[in-house]
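Residue numbers (my numbering): 5 to 392.
By construction, the Cβ of each residue, glycine as well, lies at the ideal position given by its N, Cα and C atoms.
Following: one structure in C-alpha coordinates, then a few remarks.
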Amino acid sequence: MSAVPTGGKKPSATREQVVAVMELLSTRLQWKHARALISATSLHTSRGWSETLAGVHEDAYSDAIWTAAFKALAAVAEQHTYVGNKRVSFFDLREQNEEVRARILEWARGSAVSNLAGVLRLRPFSILSAPTSEAGLEPYKQAAPRLIAADFESGKLYLQYFSTRAYTHREPLDISKMTASQQKVFAEYDELIGVRTRSVPCFDTAVIDTNSELVEVRVDFQPGMTEDKATPAFQQVVGELNRAAEKFIGHGAAGAGLMNLHPAISPMYVDEKCGRVTALGFVATGKDSSSNNRGQLHRNKTKDFRKDAFHVGGKLHVDRIDPYAIGITWAAKPPKAELDLEIRGNARAIYSGKLGAVTEAEIVGCTDEADFDFVTGQVLNHIKRRKK
(Lines of atoms letter the chains of each structure in order from A and count residues from 1; the text may use other names and numbers.)
(Lines give C-alpha, C1' and ligand atoms only; values in the text may rest on other atoms or scores of the structure.)
Protein backbone atom coordinates (compact mmCIF):
# COMPACT_ATOMS: atom_id res chain seq x y z
CA MET A 1 0.00 0.00 0.00
CA SER A 2 1.32 3.47 -0.92
CA ALA A 3 2.16 5.84 1.91
CA VAL A 4 0.17 9.03 2.31
CA PRO A 5 2.28 12.06 1.30
CA THR A 6 3.42 14.15 4.26
CA GLY A 7 1.99 17.39 2.87
CA GLY A 8 3.66 20.65 3.82
CA LYS A 9 7.16 19.33 4.48
CA LYS A 10 10.13 20.67 2.56
CA PRO A 11 11.01 18.25 -0.29
CA SER A 12 13.91 15.94 0.39
CA ALA A 13 17.16 16.54 -1.45
CA THR A 14 16.74 13.17 -3.18
CA ARG A 15 13.39 14.03 -4.79
CA GLU A 16 15.17 15.13 -7.98
CA GLN A 17 17.08 11.85 -8.04
CA VAL A 18 13.85 9.88 -7.73
CA VAL A 19 12.24 11.90 -10.53
CA ALA A 20 15.26 11.38 -12.78
CA VAL A 21 15.37 7.62 -12.30
CA MET A 22 11.60 7.36 -12.82
CA GLU A 23 11.89 9.34 -16.06
CA LEU A 24 14.51 6.85 -17.25
CA LEU A 25 12.25 3.95 -16.30
CA SER A 26 9.28 5.55 -18.07
CA THR A 27 11.16 5.41 -21.40
CA ARG A 28 11.56 1.63 -21.23
CA LEU A 29 9.40 -0.08 -18.60
CA GLN A 30 5.76 -0.73 -19.47
CA TRP A 31 3.36 0.72 -16.91
CA LYS A 32 1.76 -2.66 -16.18
CA HIS A 33 5.18 -3.84 -15.02
CA ALA A 34 6.21 -0.60 -13.33
CA ARG A 35 3.18 0.09 -11.16
CA ALA A 36 3.73 -2.67 -8.60
CA LEU A 37 7.46 -1.94 -8.39
CA ILE A 38 6.84 1.76 -7.68
CA SER A 39 4.07 1.02 -5.18
CA ALA A 40 6.43 -1.30 -3.30
CA THR A 41 8.64 1.74 -2.57
CA SER A 42 5.72 3.53 -0.81
CA LEU A 43 5.43 6.17 -3.55
CA HIS A 44 1.94 7.01 -4.80
CA THR A 45 0.96 5.69 -8.26
CA SER A 46 -1.77 7.02 -10.52
CA ARG A 47 -3.30 5.73 -13.75
CA GLY A 48 -0.11 5.71 -15.81
CA TRP A 49 3.39 7.04 -16.23
CA SER A 50 2.33 10.60 -17.07
CA GLU A 51 0.12 11.11 -14.01
CA THR A 52 2.51 9.30 -11.68
CA LEU A 53 5.47 11.41 -12.80
CA ALA A 54 3.40 14.56 -12.39
CA GLY A 55 2.47 13.46 -8.88
CA VAL A 56 5.98 12.67 -7.74
CA HIS A 57 6.95 16.27 -8.60
CA GLU A 58 4.30 17.48 -6.13
CA ASP A 59 4.02 14.80 -3.42
CA ALA A 60 6.04 15.20 -0.24
CA TYR A 61 7.49 12.28 1.70
CA SER A 62 9.95 11.81 4.51
CA ASP A 63 13.66 11.75 3.73
CA ALA A 64 13.70 8.05 4.56
CA ILE A 65 11.04 7.24 1.95
CA TRP A 66 12.72 9.33 -0.76
CA THR A 67 16.07 7.71 -0.04
CA ALA A 68 14.70 4.15 0.06
CA ALA A 69 12.65 4.75 -3.11
CA PHE A 70 15.67 6.05 -5.00
CA LYS A 71 17.79 3.11 -3.91
CA ALA A 72 15.15 0.57 -4.97
CA LEU A 73 14.20 2.24 -8.27
CA ALA A 74 17.82 2.93 -9.23
CA ALA A 75 18.56 -0.78 -8.84
CA VAL A 76 15.53 -1.66 -10.98
CA ALA A 77 16.45 0.92 -13.64
CA GLU A 78 20.06 -0.21 -13.96
CA GLN A 79 19.14 -3.90 -14.06
CA HIS A 80 16.40 -3.22 -16.59
CA THR A 81 18.89 -1.71 -19.02
CA TYR A 82 20.61 -5.12 -19.08
CA VAL A 83 17.60 -7.45 -19.14
CA GLY A 84 14.39 -5.57 -19.94
CA ASN A 85 12.63 -5.68 -23.35
CA LYS A 86 15.36 -7.52 -25.22
CA ARG A 87 15.71 -9.30 -28.52
CA VAL A 88 18.44 -11.78 -27.70
CA SER A 89 20.63 -13.75 -30.10
CA PHE A 90 23.31 -16.28 -29.23
CA PHE A 91 26.68 -17.09 -30.80
CA ASP A 92 28.01 -20.51 -29.83
CA LEU A 93 31.74 -20.20 -29.18
CA ARG A 94 32.08 -23.97 -29.56
CA GLU A 95 31.61 -23.38 -33.30
CA GLN A 96 34.84 -21.34 -33.36
CA ASN A 97 38.15 -23.14 -33.79
CA GLU A 98 39.78 -24.15 -30.52
CA GLU A 99 42.50 -21.49 -30.53
CA VAL A 100 40.11 -18.61 -31.22
CA ARG A 101 37.58 -19.86 -28.68
CA ALA A 102 40.25 -20.07 -25.99
CA ARG A 103 41.50 -16.57 -26.81
CA ILE A 104 38.02 -15.05 -26.54
CA LEU A 105 37.29 -16.76 -23.23
CA GLU A 106 40.67 -15.83 -21.76
CA TRP A 107 40.18 -12.17 -22.76
CA ALA A 108 36.68 -12.07 -21.25
CA ARG A 109 37.88 -13.62 -17.97
CA GLY A 110 41.07 -11.65 -17.73
CA SER A 111 41.95 -8.33 -19.34
CA ALA A 112 38.78 -7.15 -21.12
CA VAL A 113 37.58 -4.83 -18.35
CA SER A 114 41.00 -3.24 -17.87
CA ASN A 115 41.54 -3.00 -21.65
CA LEU A 116 38.33 -0.98 -21.96
CA ALA A 117 38.92 1.27 -18.94
CA GLY A 118 40.33 4.04 -21.14
CA VAL A 119 37.18 4.06 -23.31
CA LEU A 120 34.98 4.23 -20.22
CA ARG A 121 36.88 7.21 -18.86
CA LEU A 122 35.63 9.11 -21.91
CA ARG A 123 32.01 7.98 -21.62
CA PRO A 124 29.55 10.89 -21.71
CA PHE A 125 27.51 9.61 -18.74
CA SER A 126 26.82 6.63 -16.52
CA ILE A 127 23.79 4.36 -17.04
CA LEU A 128 21.56 6.15 -14.53
CA SER A 129 22.54 9.56 -15.87
CA ALA A 130 21.57 8.73 -19.47
CA PRO A 131 19.54 11.44 -21.21
CA THR A 132 15.81 10.88 -21.69
CA SER A 133 14.52 14.13 -23.22
CA GLU A 134 14.38 14.82 -26.94
CA ALA A 135 16.96 17.58 -26.57
CA GLY A 136 19.27 15.42 -24.48
CA LEU A 137 19.12 12.57 -26.99
CA GLU A 138 19.73 14.78 -30.03
CA PRO A 139 23.58 14.46 -30.03
CA TYR A 140 23.33 10.66 -30.13
CA LYS A 141 20.98 10.33 -33.09
CA GLN A 142 22.60 8.50 -36.01
CA ALA A 143 25.71 7.96 -33.85
CA ALA A 144 27.44 4.64 -33.25
CA PRO A 145 26.66 2.93 -29.91
CA ARG A 146 28.76 4.26 -27.03
CA LEU A 147 30.29 1.88 -24.47
CA ILE A 148 29.17 3.15 -21.05
CA ALA A 149 29.85 0.15 -18.77
CA ALA A 150 32.07 -2.94 -18.69
CA ASP A 151 31.95 -5.47 -15.86
CA PHE A 152 32.86 -9.09 -15.21
CA GLU A 153 30.55 -10.88 -12.78
CA SER A 154 29.80 -14.55 -12.12
CA GLY A 155 31.76 -15.70 -15.13
CA LYS A 156 30.17 -13.19 -17.53
CA LEU A 157 31.66 -10.17 -19.27
CA TYR A 158 28.99 -7.48 -19.67
CA LEU A 159 29.52 -4.67 -22.18
CA GLN A 160 26.76 -2.07 -22.09
CA TYR A 161 26.27 0.18 -25.12
CA PHE A 162 24.09 3.29 -25.36
CA SER A 163 22.39 4.64 -28.46
CA THR A 164 19.15 6.34 -29.40
CA ARG A 165 16.55 5.09 -31.86
CA ALA A 166 13.27 6.42 -33.21
CA TYR A 167 10.00 4.62 -32.48
CA THR A 168 6.49 5.27 -33.71
CA HIS A 169 3.66 4.61 -31.32
CA ARG A 170 -0.11 4.99 -31.23
CA GLU A 171 -2.01 6.45 -28.29
CA PRO A 172 -5.68 7.34 -27.69
CA LEU A 173 -6.57 11.03 -27.60
CA ASP A 174 -9.16 12.38 -25.16
CA ILE A 175 -11.72 14.25 -27.27
CA SER A 176 -13.36 15.69 -24.13
CA LYS A 177 -10.23 17.74 -23.41
CA MET A 178 -10.34 19.49 -26.80
CA THR A 179 -11.88 22.86 -27.55
CA ALA A 180 -15.57 23.02 -28.44
CA SER A 181 -14.81 23.48 -32.14
CA GLN A 182 -12.43 20.52 -32.14
CA GLN A 183 -14.95 18.33 -30.32
CA LYS A 184 -17.53 19.19 -32.97
CA VAL A 185 -15.19 18.02 -35.75
CA PHE A 186 -14.65 14.64 -34.06
CA ALA A 187 -18.15 14.24 -32.59
CA GLU A 188 -18.98 11.26 -34.84
CA TYR A 189 -15.92 9.27 -33.76
CA ASP A 190 -15.98 6.78 -30.89
CA GLU A 191 -12.20 6.82 -30.55
CA LEU A 192 -9.38 9.03 -31.79
CA ILE A 193 -5.85 7.64 -32.13
CA GLY A 194 -2.75 9.79 -32.41
CA VAL A 195 0.47 8.57 -34.02
CA ARG A 196 3.82 10.12 -33.19
CA THR A 197 7.51 9.34 -33.49
CA ARG A 198 9.88 9.93 -30.62
CA SER A 199 13.48 9.17 -29.79
CA VAL A 200 14.14 6.61 -27.08
CA PRO A 201 17.34 5.90 -25.08
CA CYS A 202 18.44 2.34 -25.83
CA PHE A 203 20.84 0.06 -24.00
CA ASP A 204 22.17 -2.86 -26.03
CA THR A 205 24.20 -5.44 -24.14
CA ALA A 206 26.90 -7.84 -25.30
CA VAL A 207 27.62 -10.68 -22.88
CA ILE A 208 30.42 -13.21 -23.13
CA ASP A 209 29.43 -16.08 -20.85
CA THR A 210 32.62 -17.99 -20.08
CA ASN A 211 30.70 -20.74 -18.28
CA SER A 212 28.29 -21.67 -21.08
CA GLU A 213 30.72 -20.53 -23.81
CA LEU A 214 28.12 -18.32 -25.45
CA VAL A 215 28.06 -14.74 -26.66
CA GLU A 216 24.69 -13.10 -26.05
CA VAL A 217 23.64 -9.99 -27.94
CA ARG A 218 20.70 -8.30 -26.21
CA VAL A 219 19.11 -5.54 -28.30
CA ASP A 220 16.62 -3.15 -26.71
CA PHE A 221 13.17 -2.85 -28.28
CA GLN A 222 9.91 -1.13 -27.38
CA PRO A 223 6.95 -3.57 -27.13
CA GLY A 224 3.98 -2.45 -29.19
CA MET A 225 5.95 0.25 -31.01
CA THR A 226 7.31 0.33 -34.55
CA GLU A 227 11.08 0.65 -34.77
CA ASP A 228 12.96 2.80 -37.24
CA LYS A 229 14.59 0.09 -39.37
CA ALA A 230 17.15 2.59 -40.65
CA THR A 231 19.13 1.87 -37.49
CA PRO A 232 20.52 -1.71 -37.66
CA ALA A 233 20.93 -2.13 -33.91
CA PHE A 234 21.99 -5.79 -33.95
CA GLN A 235 24.71 -5.22 -36.56
CA GLN A 236 25.91 -2.13 -34.73
CA VAL A 237 26.40 -3.76 -31.34
CA VAL A 238 28.02 -6.86 -32.90
CA GLY A 239 30.31 -4.51 -34.82
CA GLU A 240 31.32 -2.64 -31.67
CA LEU A 241 31.96 -5.87 -29.76
CA ASN A 242 34.07 -7.30 -32.57
CA ARG A 243 35.99 -4.05 -33.01
CA ALA A 244 37.02 -4.17 -29.35
CA ALA A 245 37.92 -7.86 -29.46
CA GLU A 246 39.93 -7.48 -32.66
CA LYS A 247 41.89 -4.60 -31.15
CA PHE A 248 42.97 -6.58 -28.09
CA ILE A 249 43.06 -10.24 -29.19
CA GLY A 250 43.19 -9.99 -32.97
CA HIS A 251 39.87 -11.75 -33.60
CA GLY A 252 36.17 -10.91 -33.39
CA ALA A 253 34.11 -12.41 -30.57
CA ALA A 254 30.83 -12.83 -32.49
CA GLY A 255 30.86 -14.33 -35.96
CA ALA A 256 30.60 -18.05 -36.50
CA GLY A 257 28.01 -19.95 -34.50
CA LEU A 258 24.93 -17.69 -34.68
CA MET A 259 22.38 -20.08 -33.20
CA ASN A 260 19.15 -21.14 -34.87
CA LEU A 261 16.47 -21.08 -32.15
CA HIS A 262 13.83 -22.82 -34.27
CA PRO A 263 14.81 -26.30 -32.92
CA ALA A 264 13.70 -25.16 -29.43
CA ILE A 265 10.12 -24.35 -30.47
CA SER A 266 8.63 -27.83 -30.76
CA PRO A 267 10.32 -29.23 -27.61
CA MET A 268 9.09 -26.21 -25.60
CA TYR A 269 5.60 -26.72 -27.01
CA VAL A 270 5.38 -30.35 -25.89
CA ASP A 271 7.09 -29.73 -22.52
CA GLU A 272 4.10 -29.09 -20.22
CA LYS A 273 6.44 -27.93 -17.44
CA CYS A 274 7.63 -25.07 -19.65
CA GLY A 275 5.27 -22.20 -18.75
CA ARG A 276 1.97 -21.44 -20.49
CA VAL A 277 1.89 -21.41 -24.28
CA THR A 278 0.17 -18.06 -24.84
CA ALA A 279 1.01 -17.60 -28.54
CA LEU A 280 1.32 -20.20 -31.27
CA GLY A 281 1.84 -20.41 -35.00
CA PHE A 282 1.70 -23.92 -36.42
CA VAL A 283 1.21 -26.19 -39.40
CA ALA A 284 -1.38 -28.93 -38.87
CA THR A 285 -0.88 -31.95 -41.10
CA GLY A 286 -3.57 -34.59 -41.64
CA LYS A 287 -4.01 -37.58 -43.92
CA ASP A 288 -5.81 -35.58 -46.59
CA SER A 289 -4.89 -31.97 -45.89
CA SER A 290 -2.64 -29.48 -44.14
CA SER A 291 -2.93 -25.87 -43.01
CA ASN A 292 -0.45 -23.14 -42.11
CA ASN A 293 -3.19 -20.86 -40.66
CA ARG A 294 -2.16 -18.17 -43.19
CA GLY A 295 0.86 -17.26 -41.13
CA GLN A 296 -1.23 -15.93 -38.26
CA LEU A 297 0.04 -16.12 -34.70
CA HIS A 298 -2.75 -17.17 -32.32
CA ARG A 299 -2.64 -15.37 -28.94
CA ASN A 300 -4.38 -15.86 -25.62
CA LYS A 301 -2.68 -14.43 -22.52
CA THR A 302 -4.94 -16.20 -20.03
CA LYS A 303 -4.86 -19.76 -21.35
CA ASP A 304 -2.36 -22.44 -22.26
CA PHE A 305 -2.77 -23.57 -25.89
CA ARG A 306 -1.63 -27.02 -24.85
CA LYS A 307 -4.81 -27.32 -22.77
CA ASP A 308 -7.22 -25.03 -24.64
CA ALA A 309 -10.33 -27.07 -25.55
CA PHE A 310 -10.53 -25.84 -29.14
CA HIS A 311 -6.85 -26.47 -29.82
CA VAL A 312 -6.86 -29.89 -28.16
CA GLY A 313 -10.04 -30.87 -30.01
CA GLY A 314 -8.52 -29.86 -33.32
CA LYS A 315 -5.36 -31.87 -32.64
CA LEU A 316 -7.46 -35.03 -32.48
CA HIS A 317 -8.26 -34.68 -36.18
CA VAL A 318 -4.75 -34.24 -37.54
CA ASP A 319 -1.71 -36.45 -37.62
CA ARG A 320 0.83 -33.88 -36.47
CA ILE A 321 1.19 -30.31 -35.16
CA ASP A 322 4.39 -28.53 -36.20
CA PRO A 323 4.78 -25.19 -34.38
CA TYR A 324 6.95 -22.60 -36.09
CA ALA A 325 6.34 -19.69 -33.69
CA ILE A 326 5.68 -19.75 -29.98
CA GLY A 327 5.05 -17.43 -27.07
CA ILE A 328 5.44 -18.66 -23.49
CA THR A 329 4.53 -16.92 -20.24
CA TRP A 330 5.76 -17.73 -16.75
CA ALA A 331 4.22 -16.43 -13.54
CA ALA A 332 6.35 -14.32 -11.19
CA LYS A 333 5.99 -13.43 -7.53
CA PRO A 334 4.75 -9.85 -6.84
CA PRO A 335 5.87 -7.14 -7.21
CA LYS A 336 7.40 -8.68 -10.33
CA ALA A 337 5.24 -9.12 -13.42
CA GLU A 338 4.96 -12.17 -15.66
CA LEU A 339 7.90 -13.17 -17.84
CA ASP A 340 7.15 -13.38 -21.57
CA LEU A 341 9.10 -15.08 -24.35
CA GLU A 342 8.39 -15.15 -28.08
CA ILE A 343 10.31 -17.00 -30.79
CA ARG A 344 8.79 -16.10 -34.12
CA GLY A 345 9.52 -17.98 -37.30
CA ASN A 346 7.21 -18.76 -40.18
CA ALA A 347 5.78 -21.85 -41.83
CA ARG A 348 8.62 -21.96 -44.37
CA ALA A 349 11.08 -22.58 -41.52
CA ILE A 350 9.68 -26.09 -41.17
CA TYR A 351 10.61 -26.99 -44.71
CA SER A 352 13.56 -24.82 -45.72
CA GLY A 353 16.22 -25.70 -43.15
CA LYS A 354 18.82 -23.00 -42.55
CA LEU A 355 17.02 -20.59 -44.87
CA GLY A 356 14.27 -20.42 -42.27
CA ALA A 357 16.54 -20.01 -39.24
CA VAL A 358 15.15 -18.03 -36.30
CA THR A 359 18.04 -16.20 -34.69
CA GLU A 360 16.39 -14.02 -32.04
CA ALA A 361 13.98 -14.39 -29.15
CA GLU A 362 11.97 -11.54 -27.64
CA ILE A 363 11.99 -11.43 -23.84
CA VAL A 364 9.83 -9.00 -21.84
CA GLY A 365 9.10 -8.66 -18.11
CA CYS A 366 12.53 -9.39 -16.63
CA THR A 367 13.69 -7.05 -13.87
CA ASP A 368 16.97 -8.73 -12.93
CA GLU A 369 19.59 -11.13 -14.26
CA ALA A 370 17.99 -14.11 -12.50
CA ASP A 371 14.77 -13.54 -14.49
CA PHE A 372 16.69 -13.27 -17.74
CA ASP A 373 18.83 -16.34 -17.05
CA PHE A 374 15.70 -18.33 -16.27
CA VAL A 375 14.02 -17.48 -19.59
CA THR A 376 17.12 -17.92 -21.75
CA GLY A 377 17.84 -21.15 -19.90
CA GLN A 378 14.42 -22.44 -20.92
CA VAL A 379 15.32 -21.83 -24.56
CA LEU A 380 18.86 -23.18 -24.46
CA ASN A 381 17.91 -26.29 -22.48
CA HIS A 382 15.66 -27.32 -25.39
CA ILE A 383 18.42 -27.03 -28.00
CA LYS A 384 21.18 -29.57 -28.60
CA ARG A 385 24.65 -28.03 -28.68
CA ARG A 386 28.05 -29.34 -29.54
CA LYS A 387 29.76 -30.70 -26.44
CA LYS A 388 32.95 -29.10 -25.11
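Beta-carbon to beta-carbon, L109 and T209 are separated by about 18 Å, too far to satisfy the 8 Å threshold. Nearest neighbour of A24 by Cα position, chosen from A336, G122, P135 and E103, turns out to be P135. In summary, V274 is exposed, with fewer than 16 beta-carbon neighbours lying within 10 Å of its beta-carbon over all protein chains present. Where I253 is concerned, the enclosing alpha helix (DSSP H) starts and stops at A237 to I253. Residue environment analysis places D344 among the buried positions, since at least 16 neighbouring C-beta atoms fall within 10 angstroms of its C-beta. Secondary structure at R98: helix, using DSSP grouped into helix, strand and coil. By the C-beta density criterion, Q300 is exposed, having fewer than 16 other C-beta atoms within 10 angstroms.
Spanning the alpha carbons of N304 and T282 requires a straight line of approximately 5 Å.
Per DSSP, the beta bridge partners of T333 are R280 and D344. Pairing W35 with G59 gives a Cβ-Cβ distance that is not under 8 Å.
Bridge pairing for L177: L196 [DSSP]. When only Cα atoms are considered, F238 and A40 end up about 31 Å apart. The shortest CA-to-CA distance from R202 to any of R32, K160, K337 and Y165 is the one to R32.
The three-state secondary structure of A258, taken from DSSP, is coil.
R280 sits buried, since 16 or more C-beta atoms from the chains shown fall within 10 Å of its C-beta.
Using a Cβ distance threshold of 8 Å, N264 and A257 do not count as a contacting pair. Under the three-pair Cβ rule at 8 Å, the stretch 108-124 does not count as touching the stretch 173-187.
The stretch 21-95 contains, as complete alpha helix (DSSP H) runs of 4+ residues, the segments 35-43, 53-62 and 67-87 (chain order).
Listed as beta-bridge partners of V368 by DSSP are D344.
When Cβ pairs closer than 8 Å are counted between the two stretches, the stretch 63-83 is seen not to touch the stretch 188-198, the count staying below three. Beta-bridge analysis with DSSP links P205 to T168.
Here A148 is not bridged, per DSSP, to any residue. For T306, the closest C-alpha among the options S133, G331 and P327 is that of G331. Nearest in C-alpha terms to K251, of all of H386, T168 and L120, is L120. Rounded to the nearest whole angstrom, the CA to CA distance from V104 to A68 is 52 Å. Going by C-alpha positions, V211 is about 26 Å away from A38. K311 is classed as exposed because its beta carbon has fewer than 16 other beta carbons within 10 Å across all chains shown.
C-alpha of A249 to C-alpha of A153: approximately 16 Å in a straight line.
The beta carbon of T172 sits closer than 6 Å to the beta carbons of T201 and T230 from its chain, once the five residues preceding and following it are set aside; these are given in chain order.
Per the DSSP secondary-structure output, F190 pairs with nothing in a beta bridge.
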